[in-house]
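To keep things clear, I will list the structure first and then write my remarks on it.
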Amino acid sequence: MASYDPRVNTNSTTPQNPPPPPPPPESAPSDMTAPTDGAETPNTTTAAGVVAATTTPNNTNDEQTDSWKLKFCTVCASNNNRSMEAHLRLATAPTAFPVISFGTGSLVRLPGPSITQPNVYSFNTTSYNQMYEELEEKDARLYRHNGILNMLDRNRNLKWGPERFQDWIPGQPRLEHISKGDKGAQGTEGGVVDVIITCEERCWDAVVDDLMNKGNQLNRPVHVFNVDIKDNHEEALVGGRAILDLANRLNESAMAQRKTHGSAGWENGSGAARLSFDESVPEILAEWQEKHPNLPALWTLAWL
Amino acid sequence: MAQSPEQVVDQVAQLDAARKLVLGDAALYPQIVNGILPIVGANARLELRRWGAEFLAETFASPILATSQKQQLAPTVLNSIQETLLLPETDNAVLASLIQTCASMYPLIFRHTVNHPGDNKTWEMMSAVKQEILRKMDSFPCSVKICCIKFLQRVVQVQTPGLIADPRRPDQNETSLAVVPRNHALLSLPQLEAESSGLLDRLLDVLQEETCNPLIVNATLNCLAPLIRTRQSIANKIIQSIMDFFPTKHVHPPFTPTVRVGVKSMERTARALLFNVMKKNPGHPLMGKMQHYIERLMQSRLETAEDASRKRGPPAEPTDGLDQTKRARLDAVAPPPLKIPPLPAGPTSYDQLFTLTQDIGLSSFDVKQLPPDIVVKIAIPLLSQVNPALLTQAVDAIRNRYETITKEQNHKRQQLHQAATAAAADDDDDYEPDYEPEDIGDNGPGEAAAIAQEEAELEPDLVSLGPFVLPQPPPLSEEEASEVGRSAVSRVFGMIDAVDAASSSSSTQTKPQQLGFARLAGSTFDREAWVVLLTRLATRAPAGLEIDDKVKAGSAGVKRHSTISDSIRETLYRYILEDFRARLKIGITWLNEEWYNDRVRMKAANQERTDADDEPTVTLYYDTWVLRLLDGFLPYLDSKDIKILVRFLSEIPEVTIAIIQRVAGLARDPERITLTVQALMYLVMFRPPAREMCLNAMEDVYQTYEESRPAAGKVLAKWRPQALPAPAEQASTNDSSNPTQPAPSTEAQAST
Numbered sequence: 000m001a002s003y004d005p006r007v008n009t010n011s012t013t014p015q016n017p018p019p020p021p022p023p024p025e026s027a028p029s030d031m032t033a034p035t036d037g038a039e040t041p042n043t044t045t046a047a048g049v050v051a052a053t054t055t056p057n058n059t060n061d062e063q064t065d066s067w068k069l070k071f072c073t074v075c076a077s078n079n080n081r082s083m084e085a086h087l088r089l090a091t092a093p094t095a096f097p098v099i100s101f102g103t104g105s106l107v108r109l110p111g112p113s114i115t116q117p118n119v120y121s122f123n124t125t126s127y128n129q130m131y132e133e134l135e136e137k138d139a140r141l142y143r144h145n146g147i148l149n150m151l152d153r154n155r156n157l158k159w160g161p162e163r164f165q166d167w168i169p170g171q172p173r174l175e176h177i178s179k180g181d182k183g184a185q186g187t188e189g190g191v192v193d194v195i196i197t198c199e200e201r202c203w204d205a206v207v208d209d210l211m212n213k214g215n216q217l218n219r220p221v222h223v224f225n226v227d228i229k230d231n232h233e234e235a236l237v238g239g240r241a242i243l244d245l246a247n248r249l250n251e252s253a254m255a256q257r258k259t260h261g262s263a264g265w266e267n268g269s270g271a272a273r274l275s276f277d278e279s280v281p282e283i284l285a286e287w288q289e290k291h292p293n294l295p296a297l298w299t300l301a302w303l
Numbered sequence: 000m001a002q003s004p005e006q007v008v009d010q011v012a013q014l015d016a017a018r019k020l021v022l023g024d025a026a027l028y029p030q031i032v033n034g035i036l037p038i039v040g041a042n043a044r045l046e047l048r049r050w051g052a053e054f055l056a057e058t059f060a061s062p063i064l065a066t067s068q069k070q071q072l073a074p075t076v077l078n079s080i081q082e083t084l085l086l087p088e089t090d091n092a093v094l095a096s097l098i099q100t101c102a103s104m105y106p107l108i109f110r111h112t113v114n115h116p117g118d119n120k121t122w123e124m125m126s127a128v129k130q131e132i133l134r135k136m137d138s139f140p141c142s143v144k145i146c147c148i149k150f151l152q153r154v155v156q157v158q159t160p161g162l163i164a165d166p167r168r169p170d171q172n173e174t175s176l177a178v179v180p181r182n183h184a185l186l187s188l189p190q191l192e193a194e195s196s197g198l199l200d201r202l203l204d205v206l207q208e209e210t211c212n213p214l215i216v217n218a219t220l221n222c223l224a225p226l227i228r229t230r231q232s233i234a235n236k237i238i239q240s241i242m243d244f245f246p247t248k249h250v251h252p253p254f255t256p257t258v259r260v261g262v263k264s265m266e267r268t269a270r271a272l273l274f275n276v277m278k279k280n281p282g283h284p285l286m287g288k289m290q291h292y293i294e295r296l297m298q299s300r301l302e303t304a305e306d307a308s309r310k311r312g313p314p315a316e317p318t319d320g321l322d323q324t325k326r327a328r329l330d331a332v333a334p335p336p337l338k339i340p341p342l343p344a345g346p347t348s349y350d351q352l353f354t355l356t357q358d359i360g361l362s363s364f365d366v367k368q369l370p371p372d373i374v375v376k377i378a379i380p381l382l383s384q385v386n387p388a389l390l391t392q393a394v395d396a397i398r399n400r401y402e403t404i405t406k407e408q409n410h411k412r413q414q415l416h417q418a419a420t421a422a423a424a425d426d427d428d429d430y431e432p433d434y435e436p437e438d439i440g441d442n443g444p445g446e447a448a449a450i451a452q453e454e455a456e457l458e459p460d461l462v463s464l465g466p467f468v469l470p471q472p473p474p475l476s477e478e479e480a481s482e483v484g485r486s487a488v489s490r491v492f493g494m495i496d497a498v499d500a501a502s503s504s505s506s507t508q509t510k511p512q513q514l515g516f517a518r519l520a521g522s523t524f525d526r527e528a529w530v531v532l533l534t535r536l537a538t539r540a541p542a543g544l545e546i547d548d549k550v551k552a553g554s555a556g557v558k559r560h561s562t563i564s565d566s567i568r569e570t571l572y573r574y575i576l577e578d579f580r581a582r583l584k585i586g587i588t589w590l591n592e593e594w595y596n597d598r599v600r601m602k603a604a605n606q607e608r609t610d611a612d613d614e615p616t617v618t619l620y621y622d623t624w625v626l627r628l629l630d631g632f633l634p635y636l637d638s639k640d641i642k643i644l645v646r647f648l649s650e651i652p653e654v655t656i657a658i659i660q661r662v663a664g665l666a667r668d669p670e671r672i673t674l675t676v677q678a679l680m681y682l683v684m685f686r687p688p689a690r691e692m693c694l695n696a697m698e699d700v701y702q703t704y705e706e707s708r709p710a711a712g713k714v715l716a717k718w719r720p721q722a723l724p725a726p727a728e729q730a731s732t733n734d735s736s737n738p739t740q741p742a743p744s745t746e747a748q749a750s751t
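So the sequence lines, in the order shown, correspond to chains A and B. For the first sequence, the residue numbers in numbering that gives the first Met the number 0 are 0 to 303. For the second sequence, the residue numbers in numbering that gives the first Met the number 0 are 0 to 751.
Structure representation (structure tokens):
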């Protein structure tokens with residue numbers, strides 16, 4: 000089976016094209032008939048399609064799985080430092096993962112002039128840009144010096160504003176995030192993810208607990224990881240890189256499974272038992288942990 | 000009509016566009032779902048089926064599509080799912096998505112059936128799909144199986160009575176068994192409830208399995224919360240089975256990193272689930288038990304300490320040297336230095352030594368007046384609040400005082416000594432500085448009184464104790480001594496067994512380390528070393544002593560000492576016989592030591608012999624014990640034990656006639672004749688000093704036991720052909736040899 004892959008990859012000028020730019024939602028109504036029209040024509044072909052599929056399943060299969068990726072969600076307390084650093088890493092990686100990010104705190108808290116005077120904002124309604132402008136006006140020197148403005152500047156280029164995990168409705172379409180140009184939004188329009196990575200045990204607890212509260216309505220499995228990162232800029236950088244490493248490992252395994260099971264599964268599904276992606280997660284995490292011994296990790300399989 | 004890859008790519012792109020549409024406007028779902036079903040149905044190509052299954056899962060899970068609309072779509076889609084499942088579908092991604100869809104759809108179909116008792120077709124279809132999933136669940140790969148678990152959970156949730164929020168508006172109530180009318184045509188309440196109870200057991204079974212898969216366990220634990228929260232009737236059962244679950248019990252070494260990840264995740268998930276239950280229901284009757292379980296769970300962890308050390312420590316330098324808010328406050332405000340009042344002049348009491356406060360009222364307060372329980376109540380919270388820095392200061396202060404006092408006292412004491420020794424210069428040798436008063440007591444009443452007075456002044460003298468001399472233990476009686484000796488010996492035997500057990504696993508690794516001739520006895524602390532130690536303890540330890548004693552005190556001494564070594568011998572003997580096949584090597588070592596010891600003692604006795612009148616009397620242990628050992632295991636030898644017998648006979652240091660007789664005696668048993676002949680033959684061939692002896696024995700055997708003739712005859716023909724009678728004589732010799740037959744047996748019995 001593996002011998003098919005290189006051949007497909009060498010002569011594939013098409014695979015670069017397939018993920019078509021999504022149509023802007025405004026033009027949607029006018030296109031409304033198009034897909035249904037398209038649906039009629041293949042309708043007649045499907046009967047014969049079975050035969051065809053058994054003979055040449057590989058070509059198109061690879062093209063499709065090439066564009067398929069795991070969808071990620073990063074979570075920290077305020078959706079500002081650690082989760083956003085990881086968001087940046089995942090969204091700007093060569094593989095460019097679909098990624099969304101949240102905070103689990105009750106409010107967005109940023110360091111203020113002293114430890115007892117934090118700057119507090121509410122989730123979902125305050126944009127990073129607003130925070131940036133407000134703090135710049137308050138004490139540009141202080142906030143530039145402690146890196147807050149720098150961080151907010153990065154964040155406002157990534158997405159609109161901090162979102163609270165507990166307010167997230169899984170499965171709620173996130174088309175507007177694509178239209179706003181959020182980085183990493185491409186692929187998350189369905190409002191679901193495959194992997195959630197938190198940056199602190201407290202957040203992991205909050206996420207697992209909140210998913211239980213949400214009632215697992217979607218019946219969709221989600222891997223919830225924690226990668227313990229201290230809340231400062233330096234550690235966020237280190238942690239972000241480590242999270243990208245974890246994401247790459249997970250994605251590789253998932254893609255491999257999709258490919259092998261795609262073609263092999265079609266011909267003989269009860270073939271040699273292979274470790275599926277979900278099953279291999281503890282192993283992947285253990286390997287990753289050995290490489291990053293300073294970022295204690297945790298995992299569970301939860302439900303959206 | 001085959002589809003070209005380009006066509007499929009186009010189709011997927013179109014489908015993606017359609018999906019974007021419905022995501023933007025949920026009202027379009029019915030149209031799109033009905034439109035795509037034929038394209039992505041059972042017989043479509045893999046990528047289309049994957050797309051379709053994923054889309055259907057998304058559709059029926061979508062929070063933006065109204066339940067009523069989903070209910071309308073459900074029967075049609077269910078039909079398509081059933082077709083795909085029965086194909087049978089084999090792609091994991093498609094299967095997982097389809098089962099997710101079924102899980103979302105089950106309550107919808109159930110509600111539809113409740114409202115449409117006449118539509119038995121849909122319900123039958125759903126039941127068929129359910130049975131199909133349940134049947135195949137255990138054979139599905141893990142990634143599909145977890146979706147089946149979720150489906151199970153959904154079925155259980157639907158088929159268990161839930162809360163009726165408002166009996167007047169049945170449509171507003173959550174879908175559960177409680178909304179089914181008693182007389183429903185299709186849905187039989189007892190049957191559904193029984194089924195769900197069975198499925199719940201199946202769901203919870205995962206927590207009881209011998210070895211557990213963390214993925215499956217976590218998937219199960221994480222979907223139980225809604226059941227516990229919304230289904231009162233089964234909540235306690237679920238909680239109970241969680242509380243019986245301890246991940247560490249379900250894993251077995253080696254604890255690879257993967258296993259650790261799994262165990263930790265199960266622990267944390269179980270904990271998270273119970274926390275969730277406790278938070279939702281603070282007055283839960285099982286609250287205390289749940290808390291207890293969580294504590295136990297955390298205690299039973301494989302790696303409690305490991306994680307703490309993993310977290311990055313604080314950076315060596317402040318991350319931002321200029322930023323005051325970020326600089327770590329390493330040294331908090333130092334407490335004000337403690338005021339240490341000087342000790343009052345003169346002799347110090349304990350009270351004064353430990354009093355740091357200058358408050359008269361405090362220092363004169365008698366704590367004994369307080370009942371102990373109150374003291375405890377006060378002291379514990381106080382201790383927890385003590386400033387460590389202050390405590391250190393106080394302890395240091397007391398220590399300083401104490402050292403000063405000790406110094407002073409030692410100084411005084413030395414002076415006292417000098418005075419005393421000067422006064423009691425004529426005291427006897429047993430002068431003991433520790434017992435001054437007694438020593439000095441007889442030096443005249445005046446001095447004694449002065450000293451006594453000084454002693455009284457130095458009351459806290461107890462603080463500085465002199466060297467402590469342990470009193471001599473009472474002398475051991477002879478029996479006690481030998482008892483202790485025996486117990487020591489039995490512990491050495493214990494060591495052999497312990498090393499046995501330990502080395503049996505690692506024997507392959509230790510083998511290359513064998514030292515051969517270069518080894519020293521007992522240098523490696525392995526089993527061998529203990530064996531050597533034991534045998535030498537038995538043979539050599541009392542060797543010199545016996546002779547000394549004999550010279551000094553006569554035979555009584557010999558007897559006393561020999562009891563200890565004899566008891567070791569006895570124990571060794573029994574130890575070897577317990578498993579003589581494996582332990583014969585020990586026996587050989589031992590007998591060699593005995594033999595050597597006999598030689599040494601004989602030599603020593605010869606040298607000792609000053610007057611030529613007496614023969615040196617040396618008890619020869621070798622002869623006794625070799626026969627005992629041989630007699631001990633000979634009865635148990637079977638015809639296949641030739642190697643053991645030959646090894647024993649060839650490795651013991653000396654073969655005697657008695658030994659050979661016993662070996663020959665084996666021939667009485669027709670089954671063991673070959674054993675005898677082979678053993679003797681071996682000795683004839685490879686032990687020249689014993690050759691004659693063995694040939695005699697062989698001849699004897701040949702004469703006595705007819706069955707031995709074929710084998711023994713061959714040997715004799717080679718080594719002593721003259722012993723073989725002419726063929727004609729054979730019959731007569733056979734008869735004449737019969738009376739000699741019982742002879743060896745009586746001898747053997749007598750010698751044991």
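We put the CB at the ideal spot given by N, CA and C, even for glycine.
Exposed unless 16 or more other CB atoms sit within 10 angstroms - verdict on residue i
i               : result
Q231 of chain B : exposed
T174 of chain B : buried
A487 of chain B : exposed
Q239 of chain B : exposed
D15 of chain B  : buried
N386 of chain B : exposed
Extent of the continuous beta strand (DSSP E) to which residue i belongs
i               : result
R108 of chain A : V107 to L109
G102 of chain A : V98 to G102
F71 of chain A  : F71 to C75
Residue i and residue j closer than 8 Å at C-beta
i               : j               : result
N79 of chain A  : V107 of chain A : yes
D244 of chain A : K70 of chain A  : no
L134 of chain A : L148 of chain A : yes
Q677 of chain B : I641 of chain B : yes
T538 of chain B : N605 of chain B : no
S649 of chain B : Y681 of chain B : yes
Min CB distance residue i to chain B below 8 Å
i               : result
D277 of chain A : yes
K81 of chain A  : The sequence as given places Arg at residue 81 of chain A; Lys does not occur at that position. Not an interface residue.
Any chain A beta carbon closer than 8 Å to residue i
i               : result
S67 of chain B  : no
T538 of chain B : no
S187 of chain B : no
I63 of chain B  : yes
V155 of chain B : no
F364 of chain B : no
I145 of chain B : yes
Endpoints, the alpha helix (DSSP H) within which residue i is located
i               : result
Y701 of chain B : R690 to T703
Taking only runs that begin and end inside the stretch 186-262 of chain A, name each unbroken beta strand (DSSP E) of 3 or more residues, in chain order. The DSSP assignment places 194-197 and 220-226 as complete runs of the beta strand (DSSP E) inside the stretch 186-262 of chain A, in order along the chain (cut-off: 3 residues).
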